[in-house]
Amino acid sequence: MVMSHENKPVQIEHTSLQGGEEMGRRKFGLEIRPNRRALGVLNQNLGGVNPNPCGVINKRDLPGKNGIRDKSAQVPTHRPITRKYASQMTFSQQHCPEESKKPKTSANELIVWEDISLTDSEDQSGVAKDQPVPMSLEHSGFETTETNQTKEVEMEDIFEDTILDIDGCDSKDPLAVVEYIEDLYVYYKKMESSCCVLPGYMTQQFDINEKMRSILVDWLIEVHHKFELRDETLFLTINLIDRFLEKQSVVRKKLQLVGLVALLLACKYEEISVPVVDDLIFISDKAYTRNEILEMERSMLNTLQFNMSVPTAYVFMKRVLKAAQSDRKLETLSFFLIELCLVEYEMLKYPPSFMAAAATYTAQASLYGIGQWNKTCQHHTGYSEDQLLECSRMMVRFHQLAAAGKLTGVHRKYNTSKFGYASRWEPAHFLVQTPSPR
2 MVMSHENKPV
12 QIEHTSLQGG
22 EEMGRRKFGL
32 EIRPNRRALG
42 VLNQNLGGVN
52 PNPCGVINKR
62 DLPGKNGIRD
72 KSAQVPTHRP
82 ITRKYASQMT
92 FSQQHCPEES
102 KKPKTSANEL
112 IVWEDISLTD
122 SEDQSGVAKD
132 QPVPMSLEHS
142 GFETTETNQT
152 KEVEMEDIFE
162 DTILDIDGCD
172 SKDPLAVVEY
182 IEDLYVYYKK
192 MESSCCVLPG
202 YMTQQFDINE
212 KMRSILVDWL
222 IEVHHKFELR
232 DETLFLTINL
242 IDRFLEKQSV
252 VRKKLQLVGL
262 VALLLACKYE
272 EISVPVVDDL
282 IFISDKAYTR
292 NEILEMERSM
302 LNTLQFNMSV
312 PTAYVFMKRV
322 LKAAQSDRKL
332 ETLSFFLIEL
342 CLVEYEMLKY
352 PPSFMAAAAT
362 YTAQASLYGI
372 GQWNKTCQHH
382 TGYSEDQLLE
392 CSRMMVRFHQ
402 LAAAGKLTGV
412 HRKYNTSKFG
422 YASRWEPAHF
432 LVQTPSPR
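In terms of the working numbering, the sequence shown opens at residue 2 and continues consecutively.
In structure tokens:
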């Protein structure tokens, strides 16, 4: 029971959407404050099983002119917000709009239905003419549903493949240097060209060849593993060997000495606990004396002008794996592939940053198939999937032949529980398969 503007009691019957005849005899009036509960119940009934969570009556829910229900009208059901779209919508889209956050309106602004009879002001269909329509009924439910669907599609397209902020989680870590990490890698990419060697430098050597270099690198990978040295040490060791051999001719019997001294210098630069000279003499089966090792150390440092700070493939590998949001499995397989490339002389034609990106892309293809190289990886590496494809195919071939032949040091290293038996994982055969002619 509420009071109309003529101070006459008006009986309000609670009706659902199925009560079309009773709804057609009601009009807008005023509600006093003590009887607001009737309006809330009415809104719940108008909402059906799933009422509007924001308490706003849609014009679509009350078909007919000026909000009067039509008997033949069907009440549309709102599309529920599924879990998939709920994760992509913002907080304001998942909850009530701003109308629900406004202060409660006064009694004069509330609207209820009152029983009336057809008068001359109504047409033959029973619809009142010049009846005011609340502002909340201006947009139909169909338009609202269509708008929500459009927003859902747009939000899905936005979040489908965007560039992620991979450094946001490390904002409180001072060692991550989030403030200038991007500038660091821009500088690394500029410097890597000056730290690379010419792909054909071996032609200047008169007593050694590419095969001897591969044997030396394969042996050093095993030594590095036995000494349990850091990954950075291995990549810097190979870089020092190639840079020295590019500028200095070496006889065959001194090639192993070059490798030992490069390992010693890399350990001094990267490691905390450095192997002593006697350890190097022991692993070389006393092929060289202490004086020969120290003399080669002086010669290598002078030839390289004491330039030990170079961006190796390991530096770029850590960044690429972070952009790829890698797990332990992807990380292990990526390092397995790039260490296979360290042995191969022909891979010197690719810069370290490119090698790191190609190794990660190949590992993704081996584990998860194609389509894993997203915009985030491309943004932080500067290489597209098409650019990496040729190098990736070479890595797949190295992976296929890793267990065969004489140079199996990398395969044996990663065929242990420490590395999760990564060398046993299937390579991405589909990348090297020749498509059948149509």
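Ideal Cβ positions, reconstructed from N, Cα and C, are used throughout, including at glycine.
Would you mind working out which of the options sits nearest residue i, comparing C-alpha positions?
i    : options                   : result
N303 : K248, G383, Q388 and Q373 : K248
L246 : V316, F336 and V259       : V259
M309 : K190, T163 and T234       : T234
V218 : D166, A263 and D280       : A263
Y351 : M396, Q365, W374 and L331 : M396
S281 : L408, L261, S354 and E229 : Note that residue 281 is Leu in the sequence shown, not Ser. Minimum Cα distance to L281 is reached at L261.
S327 : W374, D286, S354 and E293 : W374
S195 : L305, Y369 and L331       : L305
Y210 : H226, S250, L331 and K191 : Reading off the sequence shown, one finds Asn at residue 210, where the question assumed Tyr. Ranking H226, S250, L331 and K191 by Cα distance to N210 puts S250 first.
E229 : S274, T163 and Y186       : S274
R329 : V316, Q365 and E296       : Q365
M301 : L256, Y369 and Y189       : L256
D166 : K227, R320 and M203       : R320
V224 : L265, F355 and H381       : L265
V311 : D174, L185 and P175       : L185
Between the C-alpha atoms of residue i and residue j, what's the straight-line distance to the nearest angstrom?
i    : j    : result
M318 : E347 : 20 Å
L241 : R231 : 16 Å
C268 : I371 : 38 Å
G169 : I284 : 45 Å
R299 : W220 : 23 Å
Q205 : V433 : 33 Å
S1   : L322 : Not covered by the structure: residue 1. The range shown for the chain is 2 to 439.
E272 : D286 : 24 Å
I182 : A288 : 45 Å
Y189 : A360 : 18 Å
V1   : D387 : The chain is shown from 2 up to 439; residue 1 falls before or after that span and cannot be answered.
M297 : M192 : 26 Å
P200 : V179 : 35 Å
Y369 : G383 : 22 Å
H381 : E391 : 20 Å
Y202 : S215 : 14 Å
V187 : Y270 : 23 Å
F355 : D174 : 28 Å
Cβ atoms of residue j and residue i: under 8 Å apart, would you say?
i    : j    : result
F307 : Y415 : no
A324 : C378 : yes
R244 : M213 : no
E427 : S335 : no
V278 : I294 : yes
S393 : T363 : yes
A358 : L389 : yes
S418 : A403 : no
I164 : K376 : yes
V198 : L349 : yes
Which same chain residues, not among the five before or five after residue i, have their C-beta less than 6 Å away from its C-beta?
i    : result
G421 : T333
T313 : F236, L237, N240 and P353
K431 : One point to set straight first is that residue 431 is Phe, not Lys, in the sequence displayed. Correct list: empty, nothing qualifies.
D208 : V252 and R253
R291 : V278
H226 : K414
To which residues of the same chain is residue i closer than 8 Å at the C-beta, ignoring the five residues directly before and after it?
i    : result
I1   : With the chain represented from 2 up to 439, any question about residue 1 goes unanswered, as that position is not in the structure.
A177 : D168 and D171
Excluding the 5 residues preceding and the 5 following residue i in the sequence, name in chain order all residues of the same chain whose CB lies nearer than 7 Å to its CB.
i    : result
Q401 : P428
R398 : V433
A405 : none
Please confirm if residue i has its CB atom under 8 Å from at least one CB of chain D.
i    : result
Y415 : Going by chain labels, chain D is absent from the structure shown, which holds only one protein chain.
Just to confirm, does residue i get its C-beta within under 7 Å of one of the non-hydrogen atoms of the ligand FAD?
i    : result
R231 : By its list of ligands, the structure shown contains no ligand whatsoever, and the ligand FAD lies outside what it can speak to.
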